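Read top to bottom, the protein sequences are chains A, B, C and D. Position 2 of the first sequence, counted from 1, bears residue number 2 in full-length UniProt numbering, the numbering being contiguous throughout. Position 55 of the second sequence, counted from 1, bears residue number 55 in full-length UniProt numbering, the numbering being contiguous throughout. Position 38 of the third sequence, counted from 1, bears residue number 38 in full-length UniProt numbering, the numbering being contiguous throughout. Position 33 of the fourth sequence, counted from 1, bears residue number 33 in full-length UniProt numbering, the numbering being contiguous throughout. Cβ coordinates follow ideal geometry from the N, Cα and C atoms, glycine included. Owing to the predicted nature of the structure, the values given are computational and were not obtained by experimental measurement. Data first, discussion second: the structure below is written as structure tokens.
There are 4 protein chains.
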Amino acid sequence: MIQVAVCGPRDASEAERAQAREVGRLLAGRGAVVVCGGYGGVMEAVAAGASGAGGLVVGVLSLSTREGANPHLTVAIPTGIGEARNAAVVNAGDAVIVVGGSWGTLSELALALRSGKRVVQLGGWRIADAEGAPLDGITRAGSPAEAVAATGLFV
Amino acid sequence: MIQVAVCGPRDASEAERAQAREVGRLLAGRGAVVVCGGYGGVMEAVAAGASGAGGLVVGVLSLSTREGANPHLTVAIPTGIGEARNAAVVNAGDAVIVVGGSWGTLSELALALRSGKRVVQLGGWRIADAEGAPLDGITRAGSPAEAVAATGLFV
Amino acid sequence: MIQVAVCGPRDASEAERAQAREVGRLLAGRGAVVVCGGYGGVMEAVAAGASGAGGLVVGVLSLSTREGANPHLTVAIPTGIGEARNAAVVNAGDAVIVVGGSWGTLSELALALRSGKRVVQLGGWRIADAEGAPLDGITRAGSPAEAVAATGLFV
Amino acid sequence: MIQVAVCGPRDASEAERAQAREVGRLLAGRGAVVVCGGYGGVMEAVAAGASGAGGLVVGVLSLSTREGANPHLTVAIPTGIGEARNAAVVNAGDAVIVVGGSWGTLSELALALRSGKRVVQLGGWRIADAEGAPLDGITRAGSPAEAVAATGLFV
Numbered sequence: 001m002i003q004v005a006v007c008g009p010r011d012a013s014e015a016e017r018a019q020a021r022e023v024g025r026l027l028a029g030r031g032a033v034v035v036c037g038g039y040g041g042v043m044e045a046v047a048a049g050a051s052g053a054g055g056l057v058v059g060v061l062s063l064s065t066r067e068g069a070n071p072h073l074t075v076a077i078p079t080g081i082g083e084a085r086n087a088a089v090v091n092a093g094d095a096v097i098v099v100g101g102s103w104g105t106l107s108e109l110a111l112a113l114r115s116g117k118r119v120v121q122l123g124g125w126r127i128a129d130a131e132g133a134p135l136d137g138i139t140r141a142g143s144p145a146e147a148v149a150a151t152g153l154f155v
Numbered sequence: 001m002i003q004v005a006v007c008g009p010r011d012a013s014e015a016e017r018a019q020a021r022e023v024g025r026l027l028a029g030r031g032a033v034v035v036c037g038g039y040g041g042v043m044e045a046v047a048a049g050a051s052g053a054g055g056l057v058v059g060v061l062s063l064s065t066r067e068g069a070n071p072h073l074t075v076a077i078p079t080g081i082g083e084a085r086n087a088a089v090v091n092a093g094d095a096v097i098v099v100g101g102s103w104g105t106l107s108e109l110a111l112a113l114r115s116g117k118r119v120v121q122l123g124g125w126r127i128a129d130a131e132g133a134p135l136d137g138i139t140r141a142g143s144p145a146e147a148v149a150a151t152g153l154f155v
Numbered sequence: 001m002i003q004v005a006v007c008g009p010r011d012a013s014e015a016e017r018a019q020a021r022e023v024g025r026l027l028a029g030r031g032a033v034v035v036c037g038g039y040g041g042v043m044e045a046v047a048a049g050a051s052g053a054g055g056l057v058v059g060v061l062s063l064s065t066r067e068g069a070n071p072h073l074t075v076a077i078p079t080g081i082g083e084a085r086n087a088a089v090v091n092a093g094d095a096v097i098v099v100g101g102s103w104g105t106l107s108e109l110a111l112a113l114r115s116g117k118r119v120v121q122l123g124g125w126r127i128a129d130a131e132g133a134p135l136d137g138i139t140r141a142g143s144p145a146e147a148v149a150a151t152g153l154f155v
Numbered sequence: 001m002i003q004v005a006v007c008g009p010r011d012a013s014e015a016e017r018a019q020a021r022e023v024g025r026l027l028a029g030r031g032a033v034v035v036c037g038g039y040g041g042v043m044e045a046v047a048a049g050a051s052g053a054g055g056l057v058v059g060v061l062s063l064s065t066r067e068g069a070n071p072h073l074t075v076a077i078p079t080g081i082g083e084a085r086n087a088a089v090v091n092a093g094d095a096v097i098v099v100g101g102s103w104g105t106l107s108e109l110a111l112a113l114r115s116g117k118r119v120v121q122l123g124g125w126r127i128a129d130a131e132g133a134p135l136d137g138i139t140r141a142g143s144p145a146e147a148v149a150a151t152g153l154f155v
């Protein structure tokens, strides 16, 4: 079973939510399980997109109960480990797609690259070294379809 | 969606594995998601029982990769947080069924009672206070069917 | 530097708190660092005993802030990982001393035995296998001095 | 007791290690506890600087044992929770000083900003929004002394 982690902010723009929904729909269409943080914004949009297309969605929650989880999760895993759960979200993906930007999202992107995962970014923040040169390792995609293809998991 | 955490040792007797398989089969038959630690022994048996009956099984792994996960999981969540993941397994269950005994299993049983969950024990270890009196809070079941009923989730 | 984890309930009897204070005093007198869960009851008593004797005490907290930490800690580590921090408390000790009983305390005792640590129990709960026979691996001590000696760390 | 988390890569340049040592020395001189990830590079340099100046240093390790910890720690907390421990390092600081850059370091910087901590960056990576504008919230310092002052903790 292919699993893809999709990360993004709770406070997301309508454009970001639309992209996340489409990413979820496409992943479900290819039979992949979507893993996300389980709450609102991008997390809810990707879950809605995937479950609406008949896919399986797992929300790895920071809290120890299902309180606040979005209604589109097939399964909720309330870890109770707070923001440390970001590491688990990332570890659960064969690749990671990032939609939009926030500090929590950036921590997931960074942990994914730390662990050597393929990371595809759709919009969102930019990271550069001390001299301002973009860092290697992140694939930037221009659309949901491009992002899903760029994971390299569906060939 | 009802979720039940099923805990038990990697080194399990054939009798314990048979009980776990039956617990998994019964839970899947009632439409519940099974959450377990994702490795061998009781974890593998409950996963085999549930997936064989068409159910959904999530393995919350201690390692940061899927290495060593049993082949019956629908989804694997490699948390990378080591034995601390026992807390996440327990938090993910609306109730907890314990089959057999080991130190890791006992930690899950204890965390479940710490968090106020309904805990049903099928065989396994016995805990008593300093004077030797059995502690309140654990329901003991004599069979897989009794254990599933004793969760109080299927009425 | 020798580090000893001391575990016990927040709701502790005066006798348990007195034992914990004495354990802390003795450990500090031998130059060991005391690691505990950082809150009240046994955790506070062992911290008071150790810091009163000039020792170093680290509280590994479940919350993400220092809120509720007892005032006798030299350092507080607010992990934010909830009850999963019990694993970290235990991992931080070269040996583990358990004073009194609770479900949280039992999870720490179990995790310590799971990881092969020397565990010394002063009072507290009793664990037996399915037939009621006491399990191997726990050393029972009759006094704080006996408990500290039984860690085997001070020879 | 004031606690400052100092984050930075294992693979650090000599210039970064020199800065980290000086940050450690200055923090110890002001009576602050240094919390770090406990391994090599910037983590070792800040620990050496602080302990050499008589300060207290806590290493919050990712592994479950003290294996690989640097020799300058006063106390080691082997959490066993892997990269999820980055959240604990950050939570343990009243402010966070970042020296140099790596993906692990970036995850700590991001988690610190996520939790609303004061973050001071000495060199290291640059983060910008989707349009390339630097993000609010990070204070950039030109020297160890400036970094320590910019925490706002020593007035």
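Per DSSP, the unbroken alpha helix (DSSP H) holding A:P144 starts and ends at P144 to A150. In this structure, the alpha-carbon of A:I77 lies about 15 Å from that of A:Q3.
In the DSSP assignment, D:I127 is bridged to A:I127.
When C-beta atoms of the segment 95-102 of chain C are compared with those of the segment 94-109 of chain D, fewer than three pairs fall below 8 Å, so the two segments do not count as touching. In this structure, DSSP gives B:T139 an extended state, which the three-state scheme calls strand. Annotation: Cβ neighbours of D:I81 in chain B (cutoff 8 Å, chain order): G80, I81, G82 and A84. Looking only at A:E83, A:G40, A:A133 and A:L27, the smallest Cα-Cα distance to A:P71 is reached by A:G40.
Per the coordinates, the alpha-carbon of C:G116 lies some 52 Å from the alpha-carbon of D:A133. Within chain D, no residue has its CB atom less than 7 Å from the CB of C:I97, the nearest being about 17 Å off. Straight across, the Cα-Cα distance linking B:Q121 with D:S13 is about 55 Å.
Within the same chain, and ignoring the five residues on either side of A:A128 in sequence, the residues whose Cβ sits closer than 6 Å to its Cβ are P134. In terms of Cβ geometry, D:S62 and D:G93 do not form a close pair [threshold 8 Å].
Check the Cα spacing between B:A5 and each of B:C36, B:E67 and B:G54: the tightest is with B:C36. By the criterion of a C-beta distance shorter than 7 Å, B:R140 is surrounded in its chain by Q121, once the five residues flanking it on both sides are discounted. Along the segment 32-66 of chain A, going in chain order, the ones with a CB nearer than 9 Å to a CB of chain B are V33, V35, L56, V58, V60, L61, L63, S64, T65 and R66.
The beta carbon of D:N86 is closer than 7 Å to those of G104, S107, E108 and L111 in its chain, skipping five residues each way along the sequence. For the pair B:E131 and B:V57, the Cα-to-Cα distance works out to about 40 Å. Contact residues of the segment 112-128 of chain D toward chain A are A112, L113, R114, S115, G123, G124, W125, R126, I127 and A128 (C-beta to C-beta distance below 9 Å).
The Cβ atoms of A:V75 and A:G55 do not sit closer than 8 Å to each other. Around the CB of B:G8, 16 or more other CB atoms lie within 10 Å, so the residue is classed as buried. Here A:A145 is exposed, its C-beta having fewer than 16 other C-beta atoms within 10 Å. In the DSSP annotation of this structure, the continuous segment of the alpha helix (DSSP H) that includes A:A20 starts and ends at E14 to G29.
Counting only runs of 3+ residues, the beta strand (DSSP E) found wholly inside the segment 30-90 of chain D occupies 33-36, 57-61 and 75-78, in chain order. Look at B:A92 here: in three-state DSSP terms it is coil, with no helix or strand label.
Counting along the chain, the unbroken alpha helix (DSSP H) around A:R114 starts and ends at W103 to R114. DSSP places D:A5 within a strand segment (E or B) once states are collapsed to three. Neighbours of D:Q19 in chain C, taken as residues whose beta carbon is under 8 Å from its own, are absent, since the nearest beta carbon is some 24 Å off. In the DSSP secondary-structure assignment, B:V98 is bridged to B:C7 and B:Q121.
By alpha-carbon distance to A:R17, the top candidate from A:G68, A:A50 and A:T151 is A:A50. Residues of chain C with a Cβ closer than 9 Å to the Cβ of D:A87 are, in chain order, S64, T79, G80 and I81. For D:A92, at least one C-beta of chain C is nearer than 8 Å to its own C-beta. One finds nothing in chain D with a Cβ atom closer than 7 Å to the Cβ of A:L26; even the nearest lies about 22 Å away.
C:W125 and B:R114 have their C-alpha atoms roughly 15 Å apart. Between D:T105 and chain C, the shortest Cβ-Cβ separation is not below 8 Å.
Below the 8 Å Cβ cutoff, chain B contributes G101, G123, G124, W125 and R126 as neighbours of C:A130, in chain order.
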